[in-house]
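In this note's numbering, the protein residues as written are 57 to 366. As structure tokens, the structure follows; a few thoughts come after it.
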Amino acid sequence: MNQFASDVLEGLSAQPKRLSSKYFYDQKGDELFQQIMALDEYYLTRTEYSILDQFKGQVLDQFKSDDKPFNLIEFGAGDGYKTKVLLRHFLEQKANFCYMPIDISSNVLAQLETSLKAELPALNVTPVCNHYFKALEELKEEKERNVILFLGSNIGNFTEEQADSFLKGLYDALKPDDILFIGFDLKKDPKVILDAYNDKQGVTAAFNFNLLDRINNELGGNFNTSQFRHYPVYNPMTGTTTSYLISEKEQTVEIMDAAIHFKAWEPIHMEISQKYDQAMINGMAEKAGFEIIDAFTDDKKYFMNSVWRK
């Protein structure tokens, strides 16, 4: 049994039921997420893009140290849409750096490398197909400063415990004076947040339902998606947005040799998307051992990119 099958069966047999959001991204999932990023309601991508564009000069000042070379290492670069704002500026300023996108998908890395060669032929790029911390372990012998990019508020897809563990692991993997440049989606009007996860066109719902389709296609499941409802909720006290798919009736779904029973209105936990305030960000940095040395935000204070130093 492959990891996908094992995780799906384990998650749907648990109480409460859950599926991992990391499995959203098959080919159709990738296409749907590209559509989500272009939606009026989905403020995250364009807001972070505007921050990087506005503050790219100050960002470079924080990354470089006496014009010594540095490694610009990106966790989960995707198509590099936002990162290219920085890369283009760094090249124009003749910054001495090597760009290292890290991903476990060799396909994603190959596509990114092809687009970078076409758009930024002068860029020194070394894709690394590996898990984040394993890749960092292999870079420990190098003398250059490492600058880690963790954009898009990806940290918000972790529970608090997972985020603390991830950041502590990252701190331990870095050398003194290395930098972490990390994106945070900030607490704001709850309606703005909920609309981003429940758009009028239903693209975000389709993105969630696509995981059930994937289970049907790859694991022989028989989910009837018309009998489930996409249901995101936001808790303004904790800043946590949670997405569920809820069974509208009592039913049994078969996946491989397993029969998964749903009670009427029973939810599947699909995704968490944490929103932060400054006190939460300060606490996370302090707990992991980092020092916050700068931060950049947009005019509406919707999003923040924070610069942390080991």
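We put the beta carbon where it would ideally sit given N, CA and C, even for glycine.
In the DSSP assignment, Y287 is bridged to Y300. Of the residues assessed, S329 falls on the buried side of the cut-off, its CB having 16 or more other CB atoms within 10 angstroms. Pairing Y227 with W364, the inter-Cα distance amounts to about 10 Å.
Considered as a whole, the segment 165-239 harbours 188-195 and 216-229 as its complete alpha helix (DSSP H) runs of no fewer than 4 residues, in chain order. Going by beta carbons, E322 and K73 fall inside the 8 Å limit. Residues of the same chain with a CB within less than 6 Å of the CB of P183, apart from the 5 flanking positions on each side, are P157, L165 and E169 in chain order. Secondary structure of E347 (DSSP, three-state): strand.
DSSP, reduced to helix, strand and coil, places Y155 within a strand of the structure shown. DSSP lists F237 and D350 as the beta-bridge partner residues of V363.
The C-alpha of R144 is placed about 25 Å away from the C-alpha of K199. S69 and I316 have their C-alpha atoms some 7 Å from each other. Assigned with DSSP and collapsed to three states, A320 falls in coil, not helix or strand. One Cα belongs to Y332, the other to M360, and the distance between them is close to 9 Å. Our two residues, Y290 and F89, have alpha carbons roughly 20 Å apart in a direct line. By the Cβ neighbour-count rule, M326 is buried, with 16 or more other Cβ atoms within 10 Å of its own. In the DSSP annotation of this structure, the continuous segment of the beta strand (DSSP E) that includes I129 starts and ends at F126 to F131.
Taking a contact to require three or more Cβ pairs closer than 8 Å, the segment 116-124 and the segment 89-98 do not qualify as touching. Going by DSSP, E310 is part of the beta strand (DSSP E) stretching over Q307 to I311. Taking the CA atoms as reference points, V115 sits about 45 Å from N272.
Fully enclosed beta strand (DSSP E) runs of no fewer than 3 residues are not present anywhere in the segment 85-129. Here V248 is exposed, its C-beta having fewer than 16 other C-beta atoms within 10 Å. Between F153 and N127, the CB-CB gap stays under 8 Å.
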